[in-house]
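Q: Here it is, the structure, as structure tokens.
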DNA sequence: AAATTATATGCAATTTTTTGAATATAGTTG
DNA sequence: CAACTATATTCAAAAAATTGCATATAATTT
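Chains as they are written, first to last, in my numbering: chain A, 38 to 152; chain B, 38 to 152.
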């Protein structure tokens, strides 16, 4: 007999990844914590849209928000999800911050390549 | 710069797994090919329901149907999906056929534990 | 404290997915 | 060939996910 996995729970967690923009967000977050404006610049989507996806991920518990002044940085904190992403997207090697043209001045404090 | 994965395609493939019943089906198929009646018995869902999920998986190309008389056996043929399932569900070790009470006589030909 | 900036929330419209149920098909057996 | 069996298809209803947009909040700067 199969040691029955909790298919419902696993499916719910997979649903978080089964979305192109959330996958993009997670692919960034698994490298290092990112502030919302970075994600906005990288995805090219409206800010409320990004925040909504972040809320979904946050409420599911796989990411955590860390406020720093006006900015909010998000960090991927679920080890299992990180492992899944590594298999599904490949190892996270490249430094993605180099090509992000994030216009916010706050971000350029924590990342001199950004702006 | 990230060597951009095709997030849309990956998300579409993840969607196939992000569903509890399809996950159950795939967890069976990754062990060995199964006929529809087995899946029906194991999932306890109506046959048209099962066939619909199988169609989705078949049309996406990750499983293949093999007819044998009145029965149709489905086989998981996508190596990448198999690898994903191995990470997500764990290694497929146990013999699940032992506990399926599949009433169909055809199935008992290919599996003496089943009936 | 007013203005500004970064982010969050709420809500409705749309689209997609899920599910159920009736019916169809195709192979098999008598 | 008629009855039967296993599976597939179709279609519609219901539920859920997605998205856009208006607005709210909270920290910061002037």
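Backbone N, C-alpha and C define an ideal beta-carbon position, used for all residues, glycine too. Quick caveat, the model's predicted, so the values are computed rather than measured.
Buried or exposed for residue 113 of chain B, going by 16 or more other Cβ atoms inside 10 Å?
A: buried
Q: Between residue 99 of chain A and chain B, is the shortest Cβ-Cβ distance under 8 Å, so that the two count as touching?
A: no
Q: List the residues of chain B whose Cβ lies closer than 8 Å to the Cβ of residue 61 of chain A, in chain order.
A: 44
Q: Does residue 115 of chain B come out as helix, strand or coil in the three-state DSSP assignment?
A: Three-state DSSP puts residue 115 of chain B in coil, outside helix and strand.
Q: Nearest-angstrom Cα distance between residue 82 of chain B and residue 107 of chain A?
A: 51 Å
Q: Taking residue 84 of chain A as the reference, give the member of A/120, A/109, A/115 with the closest Cα.
A: A/109
Q: Alpha carbon to alpha carbon, what distance is there between residue 117 of chain B and residue 194 of chain B?
A: Here chain B has residues from 38 to 152 only, and residue 194 of chain B is not among them.
Q: Does the beta carbon of residue 151 of chain A come closer than 8 Å to any beta carbon on chain B?
A: Residue confidence for residue 151 of chain A is low, a pLDDT of 37 falling below 50, so the modelled location carries little weight; the figure read from the coordinates is stated next. No, because no Cβ of chain B sits closer than 8 Å to the Cβ of residue 151 of chain A.
Q: With 8 Å as the threshold, decide whether the Cβ of residue 87 of chain A is near any Cβ in chain B.
A: Chain B has no Cβ within less than 8 Å of the Cβ of residue 87 of chain A.
Q: Which chain B residues sit within Cβ distance under 7 Å of residue 57 of chain A?
A: 44, 45, 48
Q: What's the C-alpha gap between residue 89 of chain B and residue 62 of chain B?
A: 12 Å
Q: Terminal residues of the continuous beta strand (DSSP E) containing residue 103 of chain B?
A: 100–105
Q: Within the same chain, show all residues whose beta-carbon is closer than 8 Å to that of residue 163 of chain B, passing over the 5 residues directly before and after it, in chain order.
A: Any property of residue 163 of chain B remains undetermined from this structure, which presents chain B solely from 38 to 152.
Q: Any Cβ of chain A within less than 8 Å of the Cβ of residue 128 of chain B?
A: no
Q: Classify residue 78 of chain B as buried or exposed, calling it buried when 16 or more other Cβ atoms lie within 10 Å of its own Cβ.
A: Buried is the call here.
Q: Quick one: list the residues of chain A neighbouring residue 82 of chain B, beta-carbon separation under 8 Å, in chain order.
A: Result: empty, since nearest Cβ-Cβ is about 13 Å, beyond 8 Å.
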